[in-house]
Every structure is written in structure tokens, then in C-alpha cells.
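**Q** Each residue of the sequence shown is one higher than the one before, starting from 481 at the first, in this note's numbering.
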Amino acid sequence: MAITAAALGSLLTTQADYNYYIQQQMYWSNKYEANMAKLEEQVKYETKWESAMDDATNVDKTCKIGNKTWKEKDVVLSDSEARRYADAKVTKYDAELSLELADLDIEYDTMKTMYDTLVQELSAQKDAEKTLVGTCAQDTGLLNQ
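1. What's the C-alpha gap between Gln505 and Gly546?
2. Under 8 Å by Cβ, that's how I've got Ala562 and Thr537 pegged, so tell me the actual separation to the nearest angstrom.
3. Using the three-state DSSP reduction, which class does Thr571 fall into: helix, strand or coil?
4. Kindly list the residues whose CB is nearer than 8 Å to the CB of Lys606, restricted to its own chain and excluding five residues on each side of it in sequence; keep chain order.
5. Return the first residue and the last residue of the beta strand (DSSP E) that Lys548 is part of.
6. If you run the structure through DSSP and keep just helix, strand and coil, what is Lys544?
Structure (C-alpha cells):
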């Protein structure tokens, strides 16, 4: 009877840990997904910003934003002018934010992966402990089968 109680106590502890890790898994997964959406948006803006930079340094392109002409064909903007043009053309691109989001992506992915692994391990442990509780209870005559 004592062995059954100890096995059941261990199972309940494992179940509590499992429930906690499931919550953490969902938390980090949601953070990862939300960050990924922001990062993908910044990557899209970065691509447009780089395209604007290329246009500003290409002699075959005219660069306009609205009614303002930044450069005509056969002209190449200096690097600083090209950056100002690209910044004006793609106002939503933020290089610092993009780097920060990339760092967070690594952190959130690491945490998500860790909790995914812990949930898998505890799931296997929980199944083994359920079997042990069933065996112990059966051996003591508590289960009628």
C-alpha cells in the first residue's frame, strides 16, 4: 500500500510539472510566433529599403517619392544621400529593431524548444508512472480486474 501511495504521489508531482511546462510551452510559443511576425515584416521592409538604395546608386534609375525627385537618370547619389532616399522611401524599416527582433527570435526559439523537449520527457515519464501506479495498485488488490 505504501508503494502505491508513493508511486501515486510521484505521478501527481509529475502531472503538476507537466501542466506547468505545458503553460510555459504555450507562453514561449506565442512569444516566438508574435516576434516572428514582426521580424518577417521588418525583413520585408529591409528588402524594399535595399532596393531603394540600389535604385539610388543605379545610373539607369530615376528616384522619386511623390512629387519630389531625388535624382534623375545618369546621376548617382552619394552614399549618405542614397541612405536618406531609402529612409524616406521605406519609413517603416528600422535596422536596430530588426537586429533586436533577430536576437529575440533566437532567445524565444531556444526557450520554445527547451519546453517542447521537457513536455515530451515528462509525457514519457508520466506514462511510465501511470503504469507503475496501476501495477502497484493491482499487486495490493486495490484494483479489481
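Every residue gets a Cβ at the ideal spot worked out from N, C-alpha and C, and that includes glycine.
Because the structure is a prediction, the values reported are computed rather than measured.
**A** For this structure:
1. Start at 1 with the first residue of the sequence shown, and residue 505 comes out as number 25. Start at 1 with the first residue of the sequence shown, and residue 546 comes out as number 66. Gln505 and Gly546: Cα-Cα distance of roughly 47 Å.
2. Within the sequence shown, residue 562 is the residue found at index 82, counting from 1. Within the sequence shown, residue 537 is the residue found at index 57, counting from 1. So it is a contact: roughly 6 Å between Cβ atoms.
3. Taking the sequence shown and counting its residues from 1, the one referred to as residue 571 is at position 91. Here Thr571 sits in coil by DSSP.
4. Mapped onto the sequence shown, residue 606 falls at position 126. Hits under 8 Å: Leu491, Thr494, Gln495, Tyr498.
5. The residue you call residue 548 lines up with position 68 of the sequence shown. Where Lys548 is concerned, the enclosing beta strand (DSSP E) stretches over 548 to 551.
6. The count along the sequence shown starts at 1 and reaches residue 544 at position 64. Here Lys544 sits in strand by DSSP.
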